[in-house]
Amino acid sequence: MNSLRKTISLSFAALTVATLAPSSAQAQQYLVSVVAGQSRVAGFFGDGEPATGAQLYLPVRVAVDSKGNFYFSDYYVNRVRMVTASTGKISTLAGNGSSTFAGDNGAGTGAGVSDVHGIVADSSGNVYISDTSNSRIRKIDSKGVITTYAGDGSRGFAGDGAAATKAKLWFPAGLALDSAGNLFVADYGNSTVRKIAASGGNITTVAGTGVWGSSGDGGAASRATVGAPSAVAVDTAGNLYIADSANNSIRKVTTDGNIRTILTGYSIQSMSVDAAGNLYFVDGATPVVWKLLPTGSLLIIGGTGQAGSGGDGGVATSARFSNPAGVASDAAGNVYVADTDNSVIRLLQPVPFSVGAVTNAASGVQGPVAPGEIVTVFGDKIGPATLTQFTVANGAIGNQLANGRIFFNGIPAPLLYISAGVSAAVVPYGIAGATSVDVSVSYQGNTSSVTTFPAAPVAPGIFTADSTGSGQAAAVNGDGTLNKAATPVRIGGFISLFISGAGQTTPAGTDGRILTAAPFPTVIAPVQVTIGAKPAVVSYAGATPTSVSGLTQVNVQVPVGITAGPAVPVQVTVNGVSAQSGVTIAVQ
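If you're matching positions, the sequence shown starts at 17 in this note's numbering and goes up one per residue.
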């Protein structure tokens with residue numbers, strides 16, 4: 017593992033990171049596969065059989081429920097079909113092939129539906145669809161019975177404050193449910209977003225005035241103008257996202273009712289938000305699948321940018337899509353895509369990634385994790401392909417780099433660098449008192465599995481000049497020169513050693529803080545040092561000036577009576593726990 021360790025070097029008591037130039041982060045990878053339909057084979061066939069052998073005809077919208085069943089509008093044949101997760105078999109949920117409105121209060125399979133441009137499923141097994149050309153929202157309950165949930169069938173705008181079934185809609189499109197079961201409707205033709213209350217079933221307008229426009233950012237959504245909203249989504253906090261298609265933007269309505277624009281330049285057809293706040297969408301201009309992170313970073317997670325088919329079984333960004341028009345995400349981070357012109361539903365699954373090991377960044381030893389310890393985290397796909405270094409803002413090192421974070425018992429750690437296979441962090445002081453620590457990584461909006469490691473109050477390691485954990489210590493002589501064979505410390509002189517894992521300080525350490533002014537925090541636990549097997553007087557053990565909280569400087573006087581030489585053994589013990597052996601300093 018030493019050969020993989022990225023260098024953390026110390027020069028005149030300042031922590032720096034090895035010289036690798038940062039680059040832009042690469043997206044979390046997804047694998048792509050067809051889960052319904054046969055690519056480029058359009059038709060209506062296969063009900064009751066495995067979905068991958070069925071024929072679809074231009075599917076345009078897709079939804080997934082909490083059980084993993086997924087639903088899609090088979091546009092050209094005027095049907096809504098579903099694939100049952102437990103069997104992988106396909107069936108028709110609603111639609112008899114006719115576009116004429118019919119069939120309420122009967123089996124969904126006997127109803128007429130037309131131009132379905134919105135689907136959403138609730139936790140009780142009910143499915144809601146936008147019967148778009150019939151200007152209705154319809155509900156198929158868990159028994160398969162279809163009813164009208166909103167709209168009287170006539171195009172227009174009316175009915176706010178009363179029963180949704182008596183309201184007028186105009187080409188309703190995307191649908192979304194919030195955690196309370198309220199249904200949000202992108203009322204495309206009316207340039208509004210409307211809400212149907214779960215309790216009572218009344219309808220109201222929550223965004224848009226009915227006038228086509230793009231005004232109102234920073235104010236109440238109900239007084240803003242939007243243009244032909246095509247899709248909506250609601251996150252776990254209750255924020256509403258609107259695909260303002262005429263204005264090529266996504267707008268966000270926060271829980272206080274105010275609206276703002278969060279993305280421009282994309283004419284969005286369908287979108288979905290996951291539990292982490294990642295927003296997925298497809299637009300009408302580019303045959304790719306997009307992912308908008310809560311940080312504002314925009315990634316392509318599927319598609320090459322060229323229309324076509326193929327690539328299944330491989331990385332999604334190497335596959336080709338053709339006019340993808342629907343997208344949905346589930347709790348596991350999977351993304352379902354209605355690949356319309358290929359007449360298939362495709363599944364994008366995140367490539368698994370995990371934490372493999374956590375070692376003391378100074379010693380390279382894998383052992384208990386201590387609060388404030390500078391550690392190296394090894395894993396698979398835990399960051400960008402090219403190392404990205406830390407940044408300092410407001411006097412502290414941040415806990416996010418290149419859209420990546422590392423958590424210790426759920427607390428984000430200050431990051432010194434991040435890359436695909438190895439990263440460096442400072443363990444948060446908040447784990448103090450724990451006997452074990454759960455470590456996980458979040459990268460590009462996806463979270464790894466949790467790996468558990470032992471924890472302890474202290475876990476000392478001595479930094480070395482070549483970052484191998486042995487040989488010449490990374491040390492500074494009392495005169496400010498680096499300790500090495502050419503510039504040794506004199507017997508009786510002073511030398512500063514640098515360690516990781518000395519534990520909590522007084523005053524208490526602050527995660528990520530760059531310490532620039534005295535008085536500096538000192539280590540609470542007793543610190544002992546031997547040089548040449550003889551005890552050395554420790555004059556200071558505490559924070560390293562101008563470095564991150566967690567890097568401990570130990571100032572000691574070289575004892576008399578030792579044998580001088582270019583490689584005199586040195587050992588540091590904190591609270592009775594010894595650092596690694598094999599570290600030396602140069603003494604004359």
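Every residue gets a Cβ at the ideal spot worked out from N, C-alpha and C, and that includes glycine. For clarity, every value in this text was computed on a predicted model and none was experimentally measured.
Please report the distance separating the alpha-carbon of residue i from that of residue j.
{"i": "GLN399", "j": "ILE145", "result": "Looking at the sequence itself, residue 399 is Gly, so the reference to Gln does not match. Those two C-alpha atoms are separated by around 39 Å."}
{"i": "LEU432", "j": "LEU315", "result": "24 Å"}
{"i": "GLY577", "j": "ALA518", "result": "28 Å"}
{"i": "ASP194", "j": "ASP138", "result": "9 Å"}
{"i": "ILE515", "j": "LEU567", "result": "6 Å"}
{"i": "VAL371", "j": "ALA179", "result": "52 Å"}
{"i": "ALA344", "j": "GLY411", "result": "41 Å"}
{"i": "GLY592", "j": "ALA541", "result": "9 Å"}
{"i": "GLY205", "j": "PRO188", "result": "7 Å"}
{"i": "PHE357", "j": "SER465", "result": "Residue 357 is actually Asp in this sequence, not Phe. Each residue's alpha carbon lies about 36 Å from the other."}
{"i": "PRO537", "j": "VAL570", "result": "12 Å"}
{"i": "PRO585", "j": "THR451", "result": "32 Å"}
{"i": "VAL374", "j": "VAL351", "result": "31 Å"}
{"i": "GLY383", "j": "PHE469", "result": "8 Å"}
{"i": "VAL572", "j": "SER486", "result": "19 Å"}
{"i": "GLY134", "j": "GLY446", "result": "45 Å"}
{"i": "ILE390", "j": "ASP396", "result": "20 Å"}
{"i": "GLY141", "j": "GLY330", "result": "33 Å"}
{"i": "PHE406", "j": "GLY414", "result": "7 Å"}
{"i": "GLY598", "j": "PHE337", "result": "57 Å"}
{"i": "SER435", "j": "SER456", "result": "15 Å"}
{"i": "THR311", "j": "GLN596", "result": "40 Å"}
{"i": "VAL381", "j": "SER325", "result": "49 Å"}
{"i": "ASP131", "j": "VAL57", "result": "21 Å"}
Leaving aside the five residues before and after residue i along the sequence, list all residues of the same chain whose C-beta is less than 6 Å from its C-beta, in chain order.
{"i": "PRO444", "result": "PHE424, ILE427, ALA429 and ASP527"}
{"i": "GLY342", "result": "VAL76, ARG77, VAL78, SER286 and ALA354"}
{"i": "ASN493", "result": "ASN499, VAL505 and ILE511"}
{"i": "ARG171", "result": "SER151 and TRP186"}
{"i": "GLY197", "result": "ALA214"}
{"i": "SER313", "result": "ASN419"}
{"i": "ASP251", "result": "VAL289 and GLY293"}
{"i": "THR277", "result": "ASP233, SER265 and ARG267"}
{"i": "GLY461", "result": "ALA292, ASN294 and LEU309"}
{"i": "ALA440", "result": "ALA377, THR392, LEU432 and TYR433"}
{"i": "ASP203", "result": "LEU185, PRO188 and ARG210"}
Flag residue i as yes when its Cβ comes closer than 8 Å to any non-hydrogen atom of the ligand MN, and as no otherwise.
{"i": "SER140", "result": "For the ligand MN, the structure offers nothing, since it holds no ligand at all."}
Spatial neighbours of residue i within its chain, please: C-beta separation below 8 Å, excluding the five flanking residues on both sides.
{"i": "SER334", "result": "THR320 and GLY327"}
{"i": "GLY119", "result": "ASN112, GLY126, ALA127, GLY128 and ILE162"}
{"i": "PRO523", "result": "PRO537"}
Looking at C-alpha atoms only, which residue of the options is the closest neighbour of residue i?
{"i": "GLN54", "options": "GLN45, VAL48 and LEU72", "result": "LEU72"}
{"i": "VAL574", "options": "ILE212, PRO537, PRO504 and ALA595", "result": "PRO504"}
{"i": "ALA602", "options": "GLN405, PHE510 and THR181", "result": "PHE510"}
{"i": "VAL209", "options": "GLN587, GLN520, PHE200 and GLN604", "result": "PHE200"}
{"i": "THR100", "options": "ASP63, LEU309, TRP228 and ALA418", "result": "ASP63"}
{"i": "GLU65", "options": "LEU74, ILE390 and SER102", "result": "SER102"}
{"i": "THR589", "options": "THR560, ASP131, VAL554 and VAL393", "result": "VAL554"}
{"i": "GLY273", "options": "TYR91, LEU309 and GLY232", "result": "GLY232"}
{"i": "THR164", "options": "ASP176, GLY177 and THR148", "result": "THR148"}
{"i": "PRO551", "options": "ALA583, PRO523, GLN587 and PRO561", "result": "GLN587"}
{"i": "VAL80", "options": "GLY243, THR392, THR484 and ALA347", "result": "ALA347"}
{"i": "LEU47", "options": "LEU364, ASP203, ASP90 and GLY324", "result": "LEU364"}
{"i": "SER261", "options": "ALA475, THR270 and GLY281", "result": "GLY281"}
{"i": "ALA448", "options": "GLY525, PRO561, GLY548 and GLY324", "result": "GLY525"}
Using a Cβ-Cβ cut-off of 7 Å (strictly less than) and excluding sequence neighbours within five positions of residue i, which residues of its own chain qualify?
{"i": "VAL408", "result": "ILE530"}
{"i": "TYR257", "result": "VAL248, ALA249, ILE266, LYS268, MET287, VAL289 and LEU295"}
{"i": "SER114", "result": "ASN94 and GLY128"}
{"i": "LEU109", "result": "TYR87, VAL96, ARG97, MET98, GLY124, VAL143 and ILE156"}
{"i": "ILE507", "result": "VAL574, VAL576, ILE578, ALA580 and VAL603"}
{"i": "THR521", "result": "PRO537, THR538, VAL539, ILE540, GLY558 and ALA559"}
{"i": "VAL474", "result": "ALA386, GLY517, ALA518, GLY519, ALA541, VAL590, ASN591 and VAL593"}
Rounded to the nearest angstrom, how far is the Cβ of residue i from that of residue j, given a contact under 8 Å?
{"i": "ALA67", "j": "VAL51", "result": "6 Å"}
{"i": "LYS211", "j": "THR225", "result": "Between THR225 and LYS211 the Cβ distance is about 15 Å, and since that is not below 8 Å, they are no contact."}
{"i": "GLY318", "j": "ALA332", "result": "4 Å"}
{"i": "ILE153", "j": "ALA166", "result": "4 Å"}
{"i": "ALA259", "j": "ALA237", "result": "Their Cβ separation, rounded to whole angstroms, is 14 Å, which puts ALA259 and ALA237 out of contact at 8 Å."}
{"i": "ASP168", "j": "LYS182", "result": "6 Å"}
{"i": "VAL649", "j": "SER207", "result": "Lying outside 17 to 604, the shown extent of the chain, residue 649 is not represented and no answer is given."}
{"i": "VAL242", "j": "ALA192", "result": "At roughly 15 Å, the Cβ-Cβ gap does not stay under 8 Å, so VAL242 and ALA192 are not in contact."}
{"i": "PRO368", "j": "PRO340", "result": "Contact flag wrong, Cβ pair sits at about 24 Å."}
Within 9 Å (strictly less), CB to CB, does residue i reach chain C?
{"i": "ILE413", "result": "Here chain C cannot be found, since the structure has a single protein chain."}
Output the residue ranges of the beta strand (DSSP E) runs that lie fully inside the segment 467 to 501 and measure 3 residues or longer, sorted by chain position.
467 to 470
Which whole runs of the alpha helix (DSSP H) in the segment 511 to 535 are 4 residues long or more, in chain order?
none
Mind listing, in chain order, the continuous beta strand (DSSP E) runs of no fewer than 3 residues lying wholly within the segment 121 to 194?
135 to 137, 143 to 147, 152 to 156, 162 to 166 and 188 to 193
Considering only residues of the segment 539 to 602, which uninterrupted beta strand (DSSP E) runs meet the minimum length of 3 residues and lie entirely inside it, listed in chain order?
Restricting attention to beta strand (DSSP E) runs no shorter than 3 residues, the segment 539 to 602 encloses them at 543 to 547, 550 to 559, 567 to 573 and 581 to 590, ordered along the chain.
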